[in-house]
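Notes for the one structure printed next.
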Amino acid sequence: ICNGDEGDPGAFMDRSVGEGDPHAVIEGMALAAYAIGAAQGYIYCRAEYPLAVRRYRKAIEDARACGLLGENILGTGFSFDMEVVEGAGAFVCGEETALLASIEGKRGEPRPRPPFPAVSGLWGKPTNINNVKTYAYVPHIITNGPEWFSAMGTEKSKGTAVFALAGSVRYTGLVEVPMGATLREIIFDIGGGVPEGKRFKAVQIGGPLGGCLPESLLDTPVEYEAINATGAIMGSGGMIVVDDSTCMVELARYFLEFSTKESCGKCVPCRVGGRHLLSILDRITKGEGELEDIKRIEELSGLLSKASLCNLGMLTPNPVRTTLRYFRKEYTAHIREKRCPAGVCMGGDGE
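Numbered according to the working numbering, the sequence shown spans residues -4 to 346.
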């Protein structure tokens, strides 16, 4: 199964591949199917990407016509076919077990693991799930060899990373860099930095479940271990640059509101804990917070991360945790001084 349910706002890496090179994904899936002996494949794509859906389906038809999909492919005795399944837009369906439920025609809700999809996945059968980029890599790795791919990136994080660079930056769009490139190189060398008259404040990495990192961490390399150590995640590859006109408390509240609304509600920590965390952020941005709220935020964030059923709940506190970690003074200004340093909250009472 190809997970093309790109639900993060502002992320369009999978969309660009589906619209621009669907055959790369199909070829990668066929090779993966041959390796594990799978007979059926599914591309799960957002219905909000109608052009990508059409091109995936056209590419599958063309591959069948050329004998590259279907029964007895190229006379090898290997049979493999594919179809496209359109997602209905639920953010939680990007989680692999919720995606499986959606394909099965059920409500998109995560399942407890174990059993993992590789053991019991779609309709109880062993299932391999990867994202669009992974499958699109496969034909190139098979053609050029593993050494070619391993030559890019770092010792622990091989290959390249693709980001959707957006926000307060001169040049926005899709950026592909070798693993190990720094955030500074991406934002300033490729993106041109923040527009004139503004000052860089933070970069939010990993979509709404990612973290917000300050200027002091701009030399962090783009690799899984290094990014995770900061409290952020690589996630879908969303990268939003914010300048000094942004309130970090309100930014955390904004992402938290999105994640809370997208919760499927199946588990109590995510359903109740997320809403309670949001109510605290609402109070703080309105100038009604108290110092005890910071302790409550930390305790609730820990509860969500440990007790939620899936990564949506586990990672929901990330924007709050990282802004509290790196921009704590903004929280205390809102609470103690009833003032928003950026002049965004509480009627624009800035410095």
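Where is the CB? At the ideal position from N, CA and C, for every residue including glycine.
On the CB-based measure, 16 or more other CB atoms within 10 Å of its CB, does residue i come out buried or exposed?
i	result
Ala54	buried
Val114	exposed
Ala19	buried
Val263	exposed
Thr122	buried
Thr280	buried
Cys408	The question about residue 408 has no answer here: the residues shown for the chain are numbered -4 through 346.
Ala93	buried
Arg50	buried
Can you tell me whether residue i is helix, strand or coil according to DSSP?
i	result
Asp76	strand
Thr71	coil
Ile124	coil
Gly82	strand
Cys360	Residue numbering for the chain in the displayed model covers -4 to 346; residue 360 lies beyond these limits and cannot be assessed.
Leu169	strand
Ala28	helix
Lys53	helix
Thr215	coil
Lys333	coil
Cys61	coil
Arg108	coil
Thr155	strand
Note down, in chain order, each residue of its chain lying with its Cβ closer than 7 Å to the Cβ of residue i, except the 5 sequence neighbours on either side.
i	result
Glu91	Asn(-2), Pro112 and Ile124
Arg165	Gly186, Gly187, Gly188 and Pro190
Gly345	Its pLDDT being 49, under 50, Gly345 is placed unreliably in this model, and the value from its coordinates should be taken loosely. If we look at Gly345 and ignore the five residues flanking it on each side, its Cβ neighbours are Cys335, Pro336, Ala337 and Gly338.
Could you spell out where the beta strand (DSSP E) holding residue i opens and where it closes?
i	result
Val236	Gly233 to Asp238
Arg102	Taken as a continuous stretch (DSSP letters only), Arg102 belongs to no beta strand (DSSP E), as it is neither H nor E.
Lys196	Phe195 to Ile200
Val87	Where Val87 is concerned, there is no enclosing beta strand (DSSP E), given that its DSSP letter is neither H nor E.
Give the range of the alpha helix (DSSP H) segment to which residue i is assigned.
i	result
Arg316	Asn313 to Tyr321
Leu299	Glu287 to Ala302
Tyr186	It should be noted that the sequence gives Gly, not Tyr, for residue 186. Gly186 -> no alpha helix (DSSP H), and no H or E assigned at all.
By Cβ distance below 8 Å, which residues in the same chain neighbour residue i in space, the five residues on each side in sequence not counted?
i	result
Lys128	Met8, Asp9, Val12 and Val157
Residues in its own chain within less than 6 Å of residue i by CB, not counting five upstream and five downstream?
i	result
Gly65	Arg59 and Asp76
* Asked: Per the contact definition of three or more C-beta pairs closer than 8 Å, is the region 212 to 219 in contact with the region 299 to 311?
  -> no
Q.
Across the region 239 to 256 and the region 174 to 182, are there enough close Cβ pairs to call them in contact, namely three or more that are closer than 8 Å?
A. no
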